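What follows is a set of notes on a single structure, which appears directly below.
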Amino acid sequence: MKRQGIKTVHYVSPSVWAWRQGRIRRIKRNVDLMLCLYPFEIDIYRDHGIPCEFVGHPQARRLRAPVKQAEWLPSMPTLTLACLPGSRRSEIASMMPLFAGTVSALEHKGYDVRVLIPAPRESLRADIERRLPSTFGTRRVTLTLGDAEDVMRDADCVLVNAGTAALESMLLGKPMVVVYQLGALTYRLVKTMVRLERFSLPNILSGEELIEEFIQDEARPQAISEGILRALDQEAHQRRLKVFDAIRADLSKPLEEGAVPAICALIE
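The sequence shown begins at 23 in the working numbering and counts up one residue at a time.
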């Protein structure tokens, strides 16, 4: 459309900051204005001469953490754990045994673990359900269909892959651990393309290891279970909540202060 003289605005930047940054050349040819959800995306586009505007993240404006955080921190040794394996079948295949092993490790430490697993659509719900007997066995697992938000709210801690769900868990003020594991060949290929030292959005946005990440060979049930217990430490979590709130404030830019003026300036 840009080549036909039509002003073109792209809302939500592709993840060029993470991988395949060569896509920027095509974006420059086809887009007059890029509207970015994250502040760190701005420099990438400006460095390539592409007009851009940080407009904030809609989830930051919508999701709110409980006012009194300490009320939902668990009374040990009972623990409600939300396990979010991802939205791809390949992720589910690799994450389910890992999550089950983590629950087993927590049980060996004396914890009574209740597991919540959300499935974003029916086909994935059936896939997860089929894998439950061979992974979680007879353990208490509640499988739901639909948005993961309610599941995360009900959990004491969230075990999540390095996607948008980690951001949502942060916005809900939840203790969490990030886990991601790929096949060995796939991981080697991805590693050549990915430009990140940190994988989860909370850590990228904070510029520090705010949340523990267990990636690939580091993703072992015993290590993950210990990370969960560290995430549940009340004093440490209260410190994290202050950073969570600062990130939320940065991402909560009203549309009338970002997107609307930028688009109006483009079409005037």
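Ideal Cβ positions, reconstructed from N, Cα and C, are used throughout, including at glycine.
In this text the structure is predicted, and so the values were computed from the model without any measurement.
Which partner residues of residue i appear in the DSSP bridge assignment?
{"i": "Pro140", "result": "Thr166"}
{"i": "Phe62", "result": "None, per the DSSP bridge assignment."}
{"i": "Phe158", "result": "None, per the DSSP bridge assignment."}
{"i": "Glu75", "result": "Leu57"}
{"i": "Pro248", "result": "A small fix is needed here, since residue 248 is Glu in this sequence, not Pro. Per DSSP, none; premise fails for Glu248."}
{"i": "Asp134", "result": "Thr100"}
{"i": "Val201", "result": "Phe236"}
In its own chain, which residues sit with a C-beta less than 7 Å from the C-beta of residue i, not counting the 5 before and 5 after it?
{"i": "His130", "result": "none"}
{"i": "Asp149", "result": "Arg111, Ile114"}
{"i": "Val265", "result": "Ser228, Leu232"}
{"i": "Ala245", "result": "Phe236"}
{"i": "Asp297", "result": "With the chain covering only 23 through 290, there is no way to say anything about residue 297."}
{"i": "Val38", "result": "Arg45, Ile46, Ile66"}
{"i": "Gly280", "result": "Glu75, Phe76, Val77, Gly78"}
{"i": "Arg147", "result": "Ala141, Leu165, Leu167"}
{"i": "Arg175", "result": "Leu194"}
{"i": "Val173", "result": "Ala104, Leu138, Pro140, Thr166"}
{"i": "Glu93", "result": "Residue confidence for Glu93 is low, a pLDDT of 49 falling below 50, so the modelled location carries little weight; the figure read from the coordinates is stated next. For Glu93, where only same-chain residues beyond five positions count, there are no Cβ hits under 7 Å."}
When you compare each of the options to residue i by their alpha carbons, which one comes out closest?
{"i": "Gln203", "options": "Leu223, Val182, Ile285, Ser191", "result": "Val182"}
{"i": "Arg136", "options": "Thr102, Ala122, Val125, Asp65", "result": "Thr102"}
{"i": "Leu165", "options": "Pro140, Ser156, Val282, Arg86", "result": "Pro140"}
{"i": "Ala104", "options": "Ile250, Ile285, Glu279, Ala271", "result": "Ile250"}
{"i": "Gln26", "options": "Val53, Ile46, Val38", "result": "Val53"}
{"i": "Gly195", "options": "Pro155, Val201, Asp267", "result": "Asp267"}
{"i": "Leu167", "options": "Leu138, Met192, Gly185", "result": "Leu138"}
{"i": "Asn225", "options": "Leu55, Met192, Arg153, Val180", "result": "Met192"}
{"i": "Gly185", "options": "Val34, Gly280, Arg147, Val201", "result": "Val201"}
{"i": "Arg162", "options": "Pro142, Ser126, Met174", "result": "Ser126"}
{"i": "Leu277", "options": "Met23, Cys58, Glu257, Arg262", "result": "Cys58"}
{"i": "Pro36", "options": "Val199, Leu263, Cys179, Ile64", "result": "Ile64"}
{"i": "Ser116", "options": "Thr160, Arg68, Gln238, Pro155", "result": "Gln238"}
{"i": "Ala82", "options": "Glu290, Val282, Ala284, Arg270", "result": "Arg270"}
{"i": "Thr124", "options": "Ser109, Arg86, Val180", "result": "Val180"}
Tell me whether the beta-carbon of residue i lies closer than 8 Å to the beta-carbon of residue j.
{"i": "Glu144", "j": "Glu171", "result": "no"}
{"i": "Tyr20", "j": "Pro99", "result": "Because the chain is modelled from 23 through 290, residue 20 falls outside the range shown and cannot be assessed."}
{"i": "Glu234", "j": "Ala253", "result": "yes"}
{"i": "Leu120", "j": "Pro243", "result": "yes"}
{"i": "Ser222", "j": "Leu128", "result": "no"}
{"i": "His32", "j": "Met56", "result": "yes"}
{"i": "Met118", "j": "Arg153", "result": "yes"}
{"i": "Phe158", "j": "Ala122", "result": "yes"}
{"i": "Lys29", "j": "Leu288", "result": "yes"}
For residue i, which residues from the same chain have a beta carbon less than 6 Å from its beta carbon, with the 5 sequence-adjacent residues on both sides left out?
{"i": "Lys90", "result": "Only weak support is given to the placement of Lys90: the predicted model assigns it a pLDDT of 48, under 50, and the value that follows is read from those uncertain coordinates. Within the same chain, Lys90 has no close Cβ partners at all."}
Got a sec? Which residues, its chain only, sit under 8 Å from residue i by beta carbon, not counting five neighbours each side?
{"i": "Pro50", "result": "The amino acid at residue 50 is misidentified as Pro; the sequence shows Lys. Excluding positions up to five away in sequence, the list reads His70, Gly71, Ile72."}
{"i": "Arg220", "result": "Ile226, Glu231, Glu235"}
On the criterion of 16 or more Cβ atoms from any shown chain inside 10 Å, does residue i qualify as buried, or is it exposed?
{"i": "Phe76", "result": "buried"}
{"i": "Arg48", "result": "exposed"}
Let me check you understand the geometry: is the CB of residue i closer than 7 Å to at least one non-hydrogen atom of the ligand SAH?
{"i": "Leu138", "result": "In the structure on display, the ligand SAH does not appear, and there are no ligands present to speak of."}
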